[in-house]
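Residue numbers (this note's numbering): -14 to 303.
Glycine included, every Cβ here is placed at the ideal spot set by N, Cα and C.
Right, one structure below, let's go through it.
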Amino acid sequence: MSAMRAIKITEFGGPEVLVLRDVEEPQAPDGTILLDVAAAGVNYADTHQADNSYLAPAELPLVPGGEAVGTTPDGRRVVALLAGGGYAERAIAAPQAMWDIPDGIADGQALSLVLQGTTAWHLLRTSAQLREGETVVVHAAGGGVGTLAVQLAKRFGAGRVIGVASSRGKRELAQRLGADAVVDSGAEDLTAALREANGGRRVDVVLEMVGGSTFAQSLEALAPFGRLVHFGQAARQGAPVVEPGRLMHGSIGVLGFWLVHVLQRPALMRESIDDLVAAVLARELEPIVGGEYPLADARRAHEDLRARRTTGKLVLRP
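See the structure below:
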């Protein structure tokens, strides 16, 4: 068996558990292929996997990484969603979760689209079912999902897009990408700040991935028939319990989103990827690649991500 380098986690914890090691090359079961990895994507979910706080419990030892751009044994350049193992020189990919990349799309752009882009697309289209003219709030508007969601919301006909972010630089980026207004995520009264950013009115759609008080205050900002879509728990604390009567009283809705369920419907996944790729090639969508790190620096990538120092998509290079 040949050896390769990979980030292998042998105990759960913070970024310090991400250690570069020599490991045996994985054996691809029938129906899968071994991909030569050119670039692996880093996602916030990976930080949850490292400390075992993700929706799907992890088992040790593990090589993290849910997405990669690479070359197939027959020479195709593809982007793939993986069951894990992306932080490595080679990874196992399944043909049904693998898509060819056109020449006009760079590795980092492809990685930004395959998970974060499809998430932003389906948050707006499939879950929120955004209607023309509605106001959309995008939390973490400088992040991988957020930078794409701001642009897609405008593309899908939102009347007003409000970007929420933790630093002036990220708020300026959200505005450059099309946000009509921006809000500091550290605002003492987030509900009031969101309403003020919408001219004093309540908002129609909130894309929320923090949990805790951010969830609670975002819910308070919803207009009748408004929808909050919860798709992550960056605060590492659950969302508060929502009383059914309160939903009825405000005619508001709370939805959850996990991309796993889109992957179980290949036609839905294909529709979003085709649209995203076409939009990038037509220069109607700008994927933001925020930083590239050598594979050995995976720990630093996670530290930067958790400290909110990054924008857009983070990429590891084996």
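Return helix, strand or coil for residue i, following the three-state DSSP convention.
i              : result
aspartate 31   : helix
leucine 253    : helix
histidine 124  : coil
proline 0      : helix
isoleucine 147 : strand
alanine 292    : coil
glycine 163    : coil
glutamate 44   : coil
glutamate 173  : coil
arginine 186   : coil
arginine 268   : coil
proline 229    : helix
leucine 207    : strand
glutamate 157  : helix
glutamate 181  : helix
glycine 26     : strand
glycine 276    : strand
arginine 284   : helix
aspartate 85   : strand
arginine 302   : strand
leucine 109    : helix
arginine 116   : coil
Inspect the beta-carbon positions of residue i and residue j and report whether they are closer than 9 Å.
i             : j             : result
valine 123    : valine 146    : yes
isoleucine -8 : leucine 290   : no
leucine 133   : proline 272   : yes
alanine 76    : proline 11    : yes
leucine 96    : valine 274    : yes
threonine 56  : alanine 23    : yes
isoleucine -6 : leucine 45    : yes
alanine 126   : valine 167    : yes
alanine 283   : proline 14    : no
leucine 19    : alanine 78    : yes
glycine 70    : valine 48     : yes
glycine 185   : threonine 296 : no
histidine 107 : leucine 244   : yes
aspartate 169 : arginine 156  : yes
glycine 304   : proline 80    : The shown model of the chain, from -14 to 303, leaves out residue 304, and the question about it has no answer.
Quick one: what's got a C-beta closer than 7 Å to residue i's C-beta in the same chain, skipping five residues either side?
i              : result
glycine 163    : Val135, Gln136, Lys139, Val146
alanine 105    : Val130, Leu133, Ala134, Leu137
methionine -11 : Val8, Glu10, Ala73, Glu74, Arg75
tyrosine 39    : Ala30, His33
glutamate 117  : Gly142
glycine 323    : This structure cannot settle anything about residue 323, because the visible part of the chain is limited to -14 through 303.
asparagine 183 : Thr120, Arg145, Ile147
methionine -14 : Glu9, Glu10
alanine 68     : none
threonine 171  : Strictly speaking, residue 171 in this sequence is glycine, with threonine absent from that position. Here the set comprises Ser151.
aspartate 259  : none
serine 112     : Val214, Leu240, Phe242
glutamate 306  : With the chain represented from -14 up to 303, any question about residue 306 goes unanswered, as that position is not in the structure.
glutamine 222  : Gly196, Gly197
Between residue i and the rest of its own chain, which residues show a CB-CB distance below 6 Å, the 5 nearest in sequence each way excluded?
i            : result
proline 209  : Ser236
alanine 220  : Val195, Gly196, Gly197
glycine 102  : Leu133, Leu261
arginine 293 : Ser151
alanine 43   : Gln34, Asn37
valine 227   : Val239
proline 303  : Val22, Glu74, Leu280
Short of 8 Å in beta carbon distance, which residues of its chain neighbour residue i, apart from the five on each side in sequence? Order them along the chain.
i             : result
valine 188    : Thr120, Val121, Val122, Ile147, Leu179, Arg180, Ala206, Leu207, Ala208, Gly211
histidine 215 : Glu193, Met194, Gly196, Phe200, Ala224, Val239, Leu240, Gly241, Phe242
leucine 248   : Leu66, Ala82, Met254
glycine -2    : Ala35, Asp36
serine 203    : Val122, His124, Leu175, Thr176, Leu179, Val191, Glu193, Leu213
leucine 232   : Gly238, Val239
glycine 93    : Ala24, Pro272, Val274, Glu277, Lys298, Val300
arginine 285  : Pro0, Tyr278
Checking the sheet assignment: what are the DSSP bridge partners for residue i?
i             : result
arginine -10  : Asp7
threonine 199 : None, per the DSSP bridge assignment.
glycine 129   : None, per the DSSP bridge assignment.
histidine 215 : Glu193, Gly241
threonine 104 : Partner(s): none; threonine 104 has no beta bridge.
isoleucine 77 : Leu19
arginine 62   : Thr56
glycine 297   : Gly128
valine 331    : No information on residue 331 is available, as it lies outside the stretch -14 to 303 that the chain covers here.
Does any C-beta atom of chain B lie closer than 9 Å to the C-beta of residue i?
i           : result
glycine 235 : Note that chain B does not occur in the displayed structure, where there is just one protein chain.
For the ligand PLP, is there any heavy atom lying closer than 8 Å to the beta carbon of residue i?
i          : result
serine 170 : As far as ligands go, the structure on display features none, and thus does not contain the ligand PLP.
### Query
Any contact of the region 4 to 11 with the region 20 to 38, i.e. 3+ C-beta pairs under 8 Å?
no
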